[in-house]
Amino acid sequence: MTIFNKDMVELASKNELWQKEVYRDAKVQIVLMSIPAGEEIGMETHPADQTTFIVAGDAQVVIDGHSTKAGPNHLVVVPKGAQHNIVNKGSGELKLFSVYAPPAEPEGAAFRTKEEAEEAEKGLLAKAADKVREAVGH
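In short: position in the sequence shown from 1, add 1, done, that's our numbering.
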């Protein structure tokens, strides 16, 4: 067994990618994010619990229609299946990391921009649909 032991604040502070996976096993995934000023993740849901730690910046967090502000050293818990969004309300990058249990983001995620991440997700969904069509014989 390999022990994952990292300074997550340092990793998140130095991260310049929109999304970057730094750890994954069968039960948990850790993802760094750097969200530019004025941008947002976009409303989404996951089949996993998500715990997000804000390292730098000012965020507006919306979970199932409820909104709150979060800043450095704040921890936000998003329950499995909850519709949520994180918006960068500051003038600089919003730096954070999220822990998903079980993994919820694409394996090996490393995207420079939100657009890259969205395109990859569309590709994964198309591949999944192809597998379903193959399985049912269409």
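Positions of the beta carbon are idealized from the N, C-alpha and C atoms, including for glycine.
| Check | Outcome |
| --- | --- |
| Same chain, Cβ closer than 7 Å to Val-88, five either side skipped, listed in chain order | Glu-41, Ala-60, Gln-61 |
| Rounded separation between Ala-110 and Ser-99 - CA only | 13 Å |
| The region 3-10 / the region 75-93 touching (three or more Cβ pairs under 8 Å) | no |
| Residues near Trp-19 by beta carbon distance below 8 Å, same chain, minus five either side | Met-34, Ser-35, Ile-36, Phe-112, Arg-113, Thr-114, Lys-115, Glu-117, Ala-118 |
| Bridge partners - Arg-25, DSSP secondary structure assignment | Gln-30 |
| Nearest-angstrom beta carbon gap, Val-29 and Pro-80 [assumed within contact, 8 Å] | Between Val-29 and Pro-80 the Cβ distance is about 16 Å, and since that is not below 8 Å, they are no contact. |
| Neighbourhood of Glu-122 by C-beta, 8 Å cutoff - its chain only, sequence neighbours within 5 removed | Pro-107 |
| Limits of the unbroken alpha helix (DSSP H) element including Ser-14 | 9-15 |
| For Gly-138 and Gly-72, the rounded distance between their alpha carbons | 50 Å |
| Per-residue burial, His-67 [other beta carbons within 10 Å of its own, 16 or more giving buried] | exposed |
| Pair within 8 Å by beta-carbon distance, Gly-58 and Gly-91 | yes |
| Distance, Val-32 Cα to Thr-46 Cα | 16 Å |
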